[in-house]
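From first to last, the protein sequence lines are chains H and G. The first sequence begins at 1 in this note's numbering and counts up by one. The second sequence begins at 1001 in this note's numbering and counts up by one. Where is the CB? At the ideal position from N, CA and C, for every residue including glycine. Given the structure is predicted, the values throughout are model-derived calculations rather than measurements.
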Amino acid sequence: MGVYEAVIGLEVHAELNTDTKIFCGCPTRFGQEPNTQVCPVCLGLPGVLPVLNQAALHKALKAALALNCHINQWSRFDRKNYFYPDLPKNYQISQYDLPLAEHGYLEIEIDGKKKRVGIKRVHLEEDAGKLLHEDTGGTRDRFSMVDYNRTGVPLIEIVSEPDIRSPEEAKEYLENLKTILQYIDVSDCKMEEGSLRCDANISLRPAGSKTYGTRTELKNLNSFRAVYRALAFEIKRQSEVLDSGGAVEQETLAWDDARGVTVKLRGKEEAHDYRYFPEPDLTPLQITEEILSGIKEGMPELPQQRKDRYMRELGLSAYDATVLTRSKTLSDFLDDACRLGAEPKAAANWLMGDIMRILNAEDKGIEDTPLSPGHLVEMLSLIDDGVISGKIAKTVLEEMLFTGKTPNVIVREKGLLQISDASALRTVVEQVVKDNPKVVDDYRSGKEKALGFLVGQVMKHTKGKANPQMVNSILKEVLDG
Amino acid sequence: MIDRETVEHVAHLARLKVTDEEISRFTGQLSQILEHMEKMKALDVNHVPPTFHVLEEMVNVMRGDTRREPLSQEDALNMAPDPAPPYFRVPKVIELGVDQ
Ligand SMILES: [Zn+2]
């Protein structure tokens, strides 16, 4: 098999989280009854006039700045013409040769090596409606059903340069992009609800070559995992075509996630003959320094900056800082806990350990639980003060995550106070020593490990509540004395 | 400059039905328009700033992100020739789906 280099570009569509649509006042809420979020403007009735939603423009500019783009001083909307019933006007209002922003980059890191992926352009456009092809009452052979609720929801299209070289890099790019868009609060980025969508194009060339091979376009990528798998599949498929002396065909393919293969897509007819022309119903955009400085002022700390701060100020490792900053809500939680007096490393360890384990198992974000930063801080001080052991804290934490009760209440209700009463512990220790003569002999004949077993027995008798340091020292006293 | 095939292609893209006679007529007319454009290209416009929009005097007309009451589903669907509540119903379109 020849050695090939993959050349990958990604095109991401993100729905902006404005209250209303891009050119009319209809709500953008997801999951509403079909065709209840529509008006004459987004239905494309004759004689209506679209007017740009200022919040959509500002969010798009915010995204472009966060992606290090050059903002074009002059920009305009264009009509992209095609006949397909998901567009009631038979054109989509988009941007063509004067997009909002160009020439940006996004930094990714693979195995500790940083790399910049170029951003070719960021532009604003309107989303289309949803077509239903499934059986809606025996008429599926003759009809399609349309829901226009999504028509006119503001979208940004973010097109990368073909700088991506592997499925790993593609996944990292998408993860970072999603994180940035969530940090700056411009999109919910929920792939399962379609508020973040991704298409990919990929070609192969002999390693070291500077020219491009023939590319295929991949659609129907419904998760980051699907993007990864589809690209890996295409690399293998195209390699085999080239190895057998064949030529890759330029075509659009759909990813079939269930079968794990790419398949030919029947497409919109003459899909690339869109006959763009300037949208005469919308005024041109002049992005002044004044507009831009307002947006820069409102720019929050970005993930990379937060990661650097965690390493610099909280003393976290690069790995820990990366994991924690990947979720804005998780790292906001850490920041709040630190502000309330938590020791940063301890708080970070609990977040990355037990808390993330439970959240992942439940498929939830920390914002979906009743756990508050104040409660975590309270729990940490209970450990510091010796009121509960680290082991008991795990039980307390789980209860906090599911019930939202404070750690003090949980400790009281469940009787989890650590036993630090020396005479009470001594009684238990003496009992354990009496019950395990063989292990005691082992210990006395030099098997240090036997001590661990005895400690375990004491913890078992006290339901984990015994102060471990005290158990250790009392045991040694009793055994060695 | 414009041939019959181009006229047929453009008519198809716009979903226009054109007769043979119309194709001949439009081929001539469209060619004349393009020839006129070619003549204009000869003008020296180096000192004229390019027009990039018909509304150059008016910029950044925008609205706030405030909601307006949408149409009721009934009103929206009633305007369509063939509604199938809660959906608009259209002739079957080629699915952007998978060729099995
Ligand atoms: Zn509307």
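Any beta carbon from chain H within less than 7 Å of G:Phe969's own beta carbon?
Since the first residue shown for chain G is 1001 and the last is 1100, residue 969 of chain G is missing from the structure and cannot be characterised.
Alpha carbon to alpha carbon, what distance is there between H:Gly31 and H:Arg150?
10 Å
Are at least three pairs of beta-carbons, each pair with one atom in the segment 282 to 292 of chain H and one in the segment 70 to 77 of chain H, less than 8 Å apart?
yes
Within this structure, are the beta carbons of H:Asp86 and H:Leu131 separated by less than 7 Å?
yes
What residues from the segment 280 to 291 of chain H come within 7 Å of chain G, judged by C-beta to C-beta, listed N to C?
Pro280, Thr283, Pro284, Leu285, Gln286
What does the shell around ligand 1 hold, if a residue joins when its beta-carbon is under 5 Å from any heavy atom?
H:Cys24, H:Cys26, H:Cys39, H:Val41, H:Cys42
Give every residue of the same chain whose Cβ lies closer than 8 Å to the Cβ of H:Ser317, excluding the five residues on either side of it in the sequence, and list them in chain order.
Met311
For H:Ala56 and H:Ile22, what's the separation of their Cα atoms in angstroms?
6 Å
Within the 7 Å Cβ cut-off, does H:Cys26 reach chain G?
It does; some Cβ of chain G falls within 7 Å.
In angstroms, rounded to a whole number, what distance separates the CA positions of G:Leu1101 and H:Tyr91?
Nothing about residue 1101 of chain G can be read from this structure; chain G reaches only from 1001 to 1100.
Using a Cβ cut-off of 9 Å, which residues of the segment 1012 to 1032 of chain G contact any Cβ in chain H, in chain order?
His1012, Leu1013, Ala1014, Arg1015
DSSP three-state call for H:Gly464: helix, strand or coil?
DSSP places H:Gly464 in coil when its eight states are reduced to three.
Close-in-space but distant-in-sequence residues of the same chain around H:Leu401 (CB under 6 Å, 5 per side omitted)
The residues are Ile358, Thr369, Leu371.
Determine, using beta carbons only, whether G:Val1054 comes closer than 7 Å to chain H.
Interface residue, yes.
Report the neighbours of G:Asp1065 on chain H: residues whose CB is nearer than 8 Å to its CB, in chain order.
Thr18, Asp19, Thr20, Asn53, Gln54, Ala55, Ala56
Hey, H:Ile383 and H:Gly390: beta-carbon distance below 7 Å or not?
yes
How is the alpha helix (DSSP H) around H:Ala63 delimited, first residue to last?
54 to 66
Stretch-stretch touch, CB-based, cutoff 8 Å, three pairs: the segment 437 to 455 of chain H with the segment 1023 to 1037 of chain G
no
Short-range partners of chain G found in the segment 94 to 108 of chain H, where Cβ spacing is below 8 Å
Leu98
List, in order along the chain, the chain G residues whose C-beta lies closer than 7 Å to that of H:Ser144?
Val1090, Lys1092, Val1093
Span of the alpha helix (DSSP H) around H:Glu313
303 to 313
Return the CA-CA distance between H:Val248 and H:Ala170, expressed in angstroms with no decimal places.
21 Å
Give a yes or no on whether the minimum CB-CB distance between G:Ala1076 and chain H is below 7 Å.
yes
contact_flag[the segment 400 to 416 of chain H, the segment 442 to 449 of chain H] where n(CB pairs < 8 Å) is 3 or more:
no
List the residues of chain G whose Cβ lies closer than 8 Å to the Cβ of H:Gln37, in chain order.
Those are Pro1070, listed as they occur along chain G.
Below 7 Å CB to CB, which residues in the same chain sit around H:Gly112 once its five sequence neighbours on both sides are set aside?
Around H:Gly112: no qualifying Cβ.
How is H:Tyr105 classed by DSSP in three states: helix, strand or coil?
strand
So, at 6 Å on beta carbons, what are the nonlocal neighbours of G:Met1001 in its own chain, with the 5 sequence-adjacent residues on each side left out?
Ser1031, Leu1034
Write down every uninterrupted run of the alpha helix (DSSP H) in the segment 400 to 476 of chain H whose length is 4 residues or greater and which is fully enclosed by it, in chain order.
Whole alpha helix (DSSP H) segments, 4+ residues: 407 to 414, 422 to 435, 437 to 444, 449 to 461.
With H, G and I counted as helix, E and B as strand and the rest as coil, what does DSSP make of H:Lys120?
strand
Residues of chain G with a CB under 8 Å from the CB of H:Tyr84: which are they?
Val1093
Whole angstroms is fine: what's the gap from G:Val1098's alpha carbon to G:Leu1013's?
At G:Val1098 the pLDDT is 43, less than 50, meaning the model places this residue with poor confidence; the figure from the coordinates comes in the next sentence. The alpha-carbon separation between G:Val1098 and G:Leu1013 amounts to approximately 24 Å.
Following the continuous alpha helix (DSSP H) through H:Gly9, name the residue where it begins and the one where it ends.
From DSSP, H:Gly9 is part of no alpha helix (DSSP H) but of the beta strand (DSSP E) over 4 to 15.
Indicate the three-state DSSP secondary structure (helix, strand or coil) for H:Gln37 in the structure shown.
coil
Assigned exposure category for H:Asn35 - 16 Cβ within 10 Å defines buried:
buried
Report yes if the CB atom of H:Val377 is closer than 7 Å to the CB atom of H:Ala337, and no otherwise.
Contact: yes.
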